[in-house]
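Remarks on the structure that follows.
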Amino acid sequence: MFDRKTLIKPLESSPDWDVIIIGGGATGLGVALDSVTRGYRTLLLEQSDFAKGTSSRSTKLVHGGVRYLAQGNIDLVQEALYERGLMLKNASHLVRNQSFIIPNYKWWDSLVYTVGLKVYDFLAGKLSFGKSTRISKKETSSRLSTIKTEHLKGGVVYHDGQFDDARLAVNMAQTAIEQGATVLNHFKVSHLQKDANGKVNGVTAIDNETHKEYTFNTKVVINATGVFTDEILQMDTAGAKNTVRPSQGIHLVLDRSFLPGNDAIMIPKTADGRVLFLVPWHHRVVVGTTDTLLDSHSLEPKPLDKEVDFILETANAYLNKPVSKADVLSIFAGLRPLAAPKDASEKTKEISRSHKIIVSTSGLITITGGKWTTYRKMAQDTINKVIFLGKLPHRECQTKHLSIHGADGSADDTDHLYIYGTDQKAIERLIQESPELGDKLHPRLEFLKAEVVWAVKNEMALTVEDVLARRVRILFLDAKAAKECAPVVADILAWYLGKDDDWKQSQINEFTYLTNQYIL
Ligand SMILES: Cc1cc2nc3c(=O)[nH]c(=O)nc-3n(C[C@H](O)[C@H](O)[C@H](O)COP(=O)(O)OP(=O)(O)OC[C@H]3O[C@@H](n4cnc5c(N)ncnc54)[C@H](O)[C@@H]3O)c2cc1C
C-alpha cells in the first residue's frame, strides 16, 4: 500500500482529481487528510521527501505557545491548545505530555509566570495536559540537576506536548493513503495548467525517480509549500509580488547529560527578547531556537555563526555544565514562512504566526503560516474555504477524531521502537525472521537495521537521506554517526530497490556532503 510504484501505476489512466495539493509538509499532508476523509479524490505531490522542509526542523513542541500568550494573542493560543489536545489523542504514539520548568532568578518572575500559566491552563479547558505549579528552589535544582543555582529563587512547572515531527508527517501520509488518497514524495510540480478563462485546472509534475512528466486535471489546486509559496504564486502569475519572507530558526542537539531529568527547560527571556527551550528528545536534548530574517530560502538552510553563538551563550548562562561547539551532536535549521513585513521597522517576532489562506484570481488556493500544532485546523479551514467558493460539494470535516497511522494509545519510550506504535510488532517480526536485522546501525546508537528495511518497504523511503533524516532520525540526533551509517543503509536500500553499485556510491557521496552541514 505504501509503495510509490504501486501508487504511480494507475496515475496515467486516472488523471482527474478533485483536489491536488502541492507540498508534503505538515500543512499539505494535513490538507490531504482533510480532503480525502471528506470523500474528495485527492492527490498530493511533494518535490523531495515528506517533511523535508520546515516540518522536520521544528522545536518538536505540540504547544499553545506560552510566548504568544505573553503577546496577548489569546485566540491563537486557545486554538493551538485545543489542537494540542486532539494531537495527543489522535497520534498517541508520537505525542507525549512533557513537563517544562521555568527557572526563576527573581521573586516577581515566579509570580508573573505562575499567574500567566494559570491562564494557559484555563485556556486548555478539558484538554489540559496538567496543572501549572510553583516549585521551590530545592525542587527546581533537584529536577534540573544541571541548572545554575546561584540566585535561583524557584521555578514554575507547566505542561505542553512534545513529538517527532518527521515521523508524524510520514504517518500522516500513510493515513491519507489508507483513506484512499494518492500521496507521492519525490514528485515535483513544475507548472500550473489553466483553462481558457485563466482558471487553474491542473498541474504538470515530474517524477524525480524516473524523470517522467505527468499532467493532472483537477477542480482545485492547493499551494501548501511553506517558504516556497511565492514560487508557486509566480507560476500562477509571472512577476507576482513576494508574500512570504523566510525567518530562520536553528537548533543544537546535545547529549542527555546536559539535561538528564525528565523535565524540559523554558527560558522565557533571552538577551534578544525571545524564548529558548531545552527539550529532551529521543534521549538527547534539543536546544533552540532563533528567529533570523533572511533574504532567500532553500531546502537546506544554513545555520549562521551568530545564531550558534547566541544559543550557546544563552544556554551557558543557565547551565552549570558548560556547553561548547564540540558538544554539539547535530545542528539543524528551519525556515518559517512569515508574511513579508510591511516595513523595515516590523520585527519578525511581532509578525503574526496565525495561518493565512489566499485565493488567487486564477482560483489557486494558498495556505501558509501557522504551526505544526495547528495543522489539522489549518486544513479544515482550507477545505472549508474551497467549499465556500463553490469548487467542491459541501461535506463536513472528519479529522477531529481521526486516528493517525500507528496510534496505539501510548508513547511509552522505554524501547526506542515505541515510535512505530502499532507497527512496532511488525518490525520485531522482521528481526525474528532475520536475526541479523536486529543488529545496530552504529555502535553508539540504539537504531537497528530492521528499521531501514521497514522504511524502504513500508514508508516510501527512496534515498539514504530519507531514511537517516526523517524515518530514523539519526541525522538530527548525531550527524557524525549518521555519516558513518550511510554505507550500510545504502546497501540495504540498493538491495530492496534493485539499484547498482554506482547508485550506492552516489547516495553515500550525496549524504556525506549533506551531513557536513549538520556537524558543527
Ligand atoms: C525553527 C522552527 C521551529 C518550529 N517549532 C515548532 C514547534 O515546536 N511546534 C510547532 O507546532 N510548530 C513549530 N514550527 C512551525 C512548523 O514547523 C511549521 O509551521 C510547519 O512545519 C510548516 O509546514 P509546511 O507544510 O507549511 O511547510 P514545509 O514543511 O516547508 O513544507 C513545504 C513543502 O513543499 C514542498 N514543495 C515546495 N515546492 C514544491 C513543488 N514545486 N512541488 C512539490 N512540492 C514542493 C517542499 O519540498 C516542502 O517539503 C517551527 C518552525 C520553525 C522554522
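Quick note: the sequence shown uses UniProt numbering, first residue 1, plus one each step. No residue lacks a Cβ here, since even glycine has one placed at the ideal position from N, Cα and C. This one's a predicted model, so the numbers in the text were calculated from it and none came from an experiment.
(1) Do you know offhand how far glutamine 398's Cα is from arginine 38's?
(2) Is arginine 336 near ligand 1, with its Cβ less than 7 Å from a heavy atom?
(3) DSSP three-state call for valine 323: helix, strand or coil?
(4) Which ranges does the alpha helix (DSSP H) cover as unbroken runs of at least 4 residues, wholly within the region 169 to 256, from first to last along the chain?
(5) Could you check where the alpha helix (DSSP H) with tryptophan 460 kicks off and where it finishes?
(6) Tell me where the beta strand (DSSP E) around tyrosine 105 begins and ends.
(7) Using CA atoms only, rank isn't needed, just tell me which of Ile365, Gly180 and Asp195 is closest to arginine 41.
(8) Whole angstroms is fine: what's the gap from valine 386's alpha carbon to leucine 392's?
(9) Exposed or buried, which one is isoleucine 311 when buried takes at least 16 other CB atoms within 10 Å?
(10) Can isoleucine 222 be considered in contact with ligand 1, in the sense that its beta carbon sits closer than 7 Å to one or more heavy atoms?
(11) Give a yes or no on whether the C-beta atoms belonging to serine 48 and leucine 294 are separated by under 8 Å.
(12) Would you identify the three-state DSSP class for alanine 166, choosing helix, strand or coil?
(13) In chain order, what residues of the same chain have a beta carbon less than 6 Å from the beta carbon of isoleucine 222, not counting five sequence neighbours either side?
(14) For arginine 444, does the three-state DSSP call read helix, strand or coil?
(15) Apply the 10 Å Cβ neighbour rule to alanine 426 and answer buried if 16 or more other Cβ atoms are within range, or exposed otherwise.
(16) Ordered along the chain, which non-local residues of its own chain (more than five positions away) have a Cβ less than 7 Å from that of leucine 254?
(17) DSSP state of glutamate 350, grouped into three classes?
(18) Quick check: is any heavy atom of ligand 1 less than 7 Å from the C-beta of threonine 289?
(19) Just checking residue 540 against ligand 1 - is the residue's beta carbon closer than 7 Å to any of the ligand's heavy atoms?
(20) Pair every Cβ in the region 368 to 381 with every Cβ in the region 45 to 63, then say whether three or more of these pairs are closer than 8 Å.
(21) Within 10 angstroms of the Cβ of asparagine 262, are there 16 or more other Cβ atoms? Answer buried if so, exposed if not.
(22) Quick one: give me the first and last residue of the beta strand (DSSP E) that proline 337 is part of.
(23) How would you call serine 14, buried or exposed, if buried means at least 16 neighbouring beta carbons within 10 angstroms?
(24) Nearest to alanine 339 by CA position, among Pro246, Val183, Ala333 and Lys306, is which residue?
(25) With glycine 409 as the anchor, note down where its alpha helix (DSSP H) starts and where it stops.
(26) Between which two residues does the beta strand (DSSP E) containing threonine 6 stretch?
(27) Where proline 487 and isoleucine 508 are concerned, what is the direct C-alpha to C-alpha distance, given to the nearest angstrom?
(28) Within the same chain, show all residues whose beta-carbon is closer than 8 Å to that of arginine 444, passing over the 5 residues directly before and after it, in chain order.
(29) Within 10 angstroms of the Cβ of proline 301, are there 16 or more other Cβ atoms? Answer buried if so, exposed if not.
(30) At 4 residues or longer, and completely inside the region 298 to 323: list those alpha helix (DSSP H) runs for me, N to C.
(31) Report the three-state DSSP secondary structure of arginine 473 (helix, strand or coil).
(32) Between glycine 202 and the rest of its own chain, which residues show a CB-CB distance below 7 Å, the 5 nearest in sequence each way excluded?
(33) Output the distance between the C-alpha atoms of serine 35 and isoleucine 383, rounded to the nearest integer angstrom.
(34) Taking the alpha helix (DSSP H) that proline 487 falls in, what are its first and last residues?
(35) When the Cα atoms are used, what is the spatial distance from isoleucine 519 to isoleucine 331?
(36) Taking just the CA atoms, how far does threonine 361 sit from asparagine 197?
This is what the structure holds:
(1) 6 Å
(2) yes
(3) coil
(4) 229 to 236
(5) The sequence as given places methionine at residue 460; tryptophan does not occur at that position. Counting along the chain, methionine 460 falls outside any alpha helix (DSSP H), and DSSP gives it neither H nor E.
(6) Run containing tyrosine 105: none; DSSP gives neither H nor E here.
(7) Gly180
(8) 7 Å
(9) Its Cβ being crowded by 16 or more others within 10 Å, isoleucine 311 is buried.
(10) no
(11) Not in contact: serine 48 and leucine 294 (Cβ atoms no closer than 8 Å).
(12) helix
(13) Ile21, Val31 and Ile365
(14) coil
(15) Counting C-beta atoms within 10 angstroms of its own C-beta, alanine 426 has fewer than 16 neighbours from the protein chains shown and is therefore classed as exposed.
(16) Leaving aside the five residues that flank leucine 254 on each side, the residues in its chain whose CB is nearer than 7 Å to its CB run, in chain order, Arg284, Val285, Val287, Val323, Asp327, Val328 and Leu329.
(17) Unreliable placement is indicated for glutamate 350, whose pLDDT of 49 sits below 50; the coordinate value is still reported in the next sentence. Helix.
(18) yes
(19) There is no way to answer for residue 540, as the model of the chain reaches only from 1 to 520.
(20) yes
(21) Exposed.
(22) 330 to 339
(23) exposed
(24) Pro246
(25) Unbroken run through glycine 409: none, as it is neither H nor E.
(26) The continuous stretches of beta strand (DSSP E) do not include threonine 6, which lies in the alpha helix (DSSP H) extending over residues 4 to 8.
(27) 6 Å
(28) Asp478 and Ala481
(29) buried
(30) 305 to 318
(31) coil
(32) Gln193, Thr215, Phe216, Asn217 and Thr218
(33) Rounded to the nearest angstrom, the two C-alpha atoms are 7 Å apart.
(34) 479 to 497
(35) Using only the alpha carbons, I get a separation of about 6 Å.
(36) 11 Å
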